[in-house]
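Student:
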Amino acid sequence: MTILVTGGAGFIGSNFVLDWLADASAEPVVNLDALTYAGNRANLAPLAGDARHVFVHGDIGDRALIDQLLATHQPRAVLHFAAESHVDRSIHGPGAFMKTNVDGTFTLLEAARAHWGALPAEAKAAFRFHHVSTDEVYGSLKPTDPPFTETNPYEPNSPYSASKAASDHLVRAWHHTYGLPVLTTNCSNNYGPLHFPEKLIPLMIVNALAGKPLPVYGDGQQIRDWLYVKDHCSGIRAVLAGGRLGETYNIGGWNEMANIDIVKTVCALLDEMKPDPAGQYERLITYVTDRPGHDRRYAIDARKIERELGWRPAETFATGIRKTVQWYLDNADWVHGVQSGSYRDWVSQQYGATR
Ligand code: NAD
Ligand code: TYD
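Just so you know, we're using our numbering here: the sequence shown kicks off at 60 and counts up by one.
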């Protein structure tokens, strides 16, 4: 038995693969990743020499490749993480988001459908297509609105969330029309190790350590729910193991916080863990022009996954953010590699030109 993971060199995908294979009895992983700017093989360095991890450099839009991987490895599940994931990039260049998140998901679904349709009865019944999605598909909440449940209408506001909403709809339709055994999870903002420093929390940590401004969009009062990445991974494992086919499950941290409070928490931890002789890190906070169409508030009602599958996050924000800051302090080489582009150089040397 094998699982096929897409996007397993990115932030959440690599955490998922590392956690999965940390279990000595776990099934092998075939890890398909295009190694865009966000994909980093160094994330998977602990798996060097582990025969249970097969890395494949390729695109989810390459139907012939997907067909070949499904036929060769006969995975019992596809875990679909691969995506363009950064809202700011989607505002500047939405094309890549449509190509990967919409067209790429379509190609993957079609390949999975053809493969699954030809399986013998037992393997067919066991097969799963798990689609990893976001709470951003539900749109923006007002301050007094209840958190998102799985029945909230879809109201995506950014090119990123629109592309993810489209992919969710495709996954749903492939279940209802063709019977493909799908599961979808919609998760809130993740944070933790291996997070590319273009997103809020890692950007604030690495900028603060470099004495650079900490750019807070608008008034900093936008609210997100934050979940430690390893809790997201355990939630996905729980849904894969016991989720009802065709259902969606919201995954969240029960932890709504305003951006400015996130930034101040990071600064306070750094003051304690890596004091700067020049002064407190908060001095670097700089309010900048807001993101166009910036969603004001996301919040997740994660009672369904708890009720049906017994999942709750293991970390509080206080414990998770401390581990995260410590990880960045301990992994300056990783940060340097990502920022200097040396891992991109390695990719082109190893694989030739990539997207
Ligand atoms: P990421 O940007 O860090 O990683 C994405 C990975 O996908 C990269 O390794 C990249 O190389 C790969 N990829 C991109 N296009 C590809 C393609 N066409 N073919 C194959 N591989 C490709 O993203 P992430 O933060 O790890 O997010 C993973 C998934 O989780 C995404 O689907 C995202 O929408 C979802 N999600 C993310 C968050 C979050 O807070 N980061 C929250 C909820 C859901
Ligand atoms: P981000 O990490 O990009 O995730 P998302 O937009 O998917 O929620 O941003 C989290 C929040 O932080 C979002 O409200 C935008 C804000 N933000 C800043 O204020 N400054 C920044 O430099 C970044 C990257 C984000």
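Heads up, the beta-carbon is just placed ideally off N, CA and C, and yes, glycines get one too. Nothing here was measured: the structure is a model prediction, and the numbers come from that model.
#1: With a threshold of 7 angstroms, establish whether the CB of Asp227 neighbours any heavy atom of the ligand TYD.
#2: Using a Cβ-based criterion (distance less than 7 angstroms to any ligand heavy atom), does Leu268 qualify as near the ligand TYD?
#3: What's the call for Pro202, buried or exposed, on a 16-neighbour Cβ count within 10 Å?
#4: Less than 7 angstroms separating the Cβ of Leu262 from some heavy atom of the ligand TYD?
#5: Which class does Glu315 belong to by DSSP, given the choice of helix, strand or coil?
#6: Whose C-beta lies closer than 6 angstroms to the C-beta of Pro87 among residues of the same chain, with five residues either side of it excluded?
#7: Taking the alpha-carbon positions, what's the Leu63 to Gly120 distance?
#8: Please tell me whether, using a cut-off of 7 angstroms, the distance from the CB of Lys258 to the nearest non-hydrogen atom of the ligand TYD is below it.
#9: Along the alpha helix (DSSP H) that carries Phe114, what are the first and last residues, could you check?
#10: Would you say Tyr346 and Val275 are within 8 angstroms of each other, going by their C-beta atoms?
#11: Would you kindly report the start and end of the unbroken beta strand (DSSP E) that includes Asn245?
#12: Smallest Cα separation from Ala349: which of Leu229, Pro212, Asp278 and Ile364?
#13: With DSSP as the reference, please indicate the residues paired to Leu138 in a beta bridge.
#14: Using three-state DSSP, classify Pro272 as helix, strand or coil.
Tutor: Once the coordinates are examined:
#1: What you label residue 227 is simply residue 168 of the sequence shown in a count that begins at 1. No, since every heavy atom of the ligand TYD falls outside the 7 angstroms radius drawn around the Cβ of Asp227.
#2: Indexing the sequence shown from 1 puts residue 268 at position 209. For the ligand TYD, not one heavy atom lies less than 7 angstroms from the Cβ of Leu268.
#3: For the purposes of this step, residue 202 is identified with residue 143 of the sequence shown, where counting begins at 1. Flag for Pro202 reads exposed.
#4: One-based indexing of the sequence shown puts residue 262 at position 203. Within the cutoff, so yes.
#5: Taking the first residue of the sequence shown as 1, we reach residue 315 at position 256. The answer is strand: DSSP assigns Glu315 an E or B state.
#6: Locating residue 87 in the sequence shown gives position 28, counting from the first residue. Result list for Pro87: Thr61 and Arg111, in chain order.
#7: Position 4 of the sequence shown, counted from the first residue, corresponds to residue 63. Position 61 of the sequence shown, counted from the first residue, corresponds to residue 120. Cα to Cα, the separation comes out at about 15 angstroms.
#8: Taking the first residue of the sequence shown as position 1, residue 258 is located at position 199. Yes.
#9: What you label residue 114 is simply residue 55 of the sequence shown in a count that begins at 1. From DSSP, Phe114 is part of no alpha helix (DSSP H) but of the beta strand (DSSP E) over His112 to His116.
#10: For this step, residue 346 is matched to residue 287 along the sequence shown. For this step, residue 275 is matched to residue 216 along the sequence shown. Against a cut-off of 8 angstroms, the Cβ pair of Val275 and Tyr346 comes out as a contact.
#11: Taking the first residue of the sequence shown as 1, we reach residue 245 at position 186. Counting along the chain, the beta strand (DSSP E) containing Asn245 begins and ends at Val241 to Cys246.
#12: Numbered from its first residue, the sequence shown carries residue 349 at position 290. It should be noted that the sequence gives Asp, not Ala, for residue 349. The candidate whose alpha carbon is nearest that of Asp349 is Asp278.
#13: One-based indexing of the sequence shown puts residue 138 at position 79. Note: Leu138 sits in a beta bridge opposite Val64 and His189.
#14: One-based indexing of the sequence shown puts residue 272 at position 213. Correct three-state label for Pro272: coil.
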